[in-house]
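A short write-up of the structure that comes next.
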Amino acid sequence: DGVRVSRWSVGTRPIPSDERTSAGLLPSLPGYAEIVTHSAITMGPLLGRLVATEIATGDVDPLLQAFRPERFRG
8 DGVRVSRWSV GTRPIPSDER TSAGLLPSLP GYAEIVTHSA ITMGPLLGRL
58 VATEIATGDV DPLLQAFRPE RFRG
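The numbering of the sequence shown is the working numbering, which starts it at 8 and goes up by one.
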């Protein structure tokens, strides 16, 4: 009753092509870090902490080894 939709949009969910999380610094783009994941609600806090540690120290946690963004190079 008197209410109209003024604008709408569609957002696409970013999911890596292999459907696994991509998290960490990307060596080919200095200063760039990413976390792209389908499970952000459950894994977001942990992934954020692990990638923040990588940014601050340069150390990659073993938990992130299988999820490195550079796996898409080539």
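Just so you know, even glycine gets a beta-carbon here, dropped at the ideal spot from N, CA and C. Quick caveat, the model's predicted, so the values are computed rather than measured.
inquiry  = Do SER46 and THR28 count as a contact pair if the criterion is CB distance below 9 Å?
reply    = yes
inquiry  = For LEU33 and ILE42, which I take to be in contact (beta-carbon distance under 8 Å), what is that distance rounded to the nearest angstrom?
reply    = About 12 Å separates the two Cβ atoms, so there is no contact after all.
query = Span of the beta strand (DSSP E) holding ILE42?
reply = 40-43
Contact belief for GLY31 with ALA40 at Cβ below 8 Å, rounded distance in angstroms = 6 Å
ask   = Quick one, are the C-beta atoms of GLU77 and SER35 less than 9 Å apart?
value = yes
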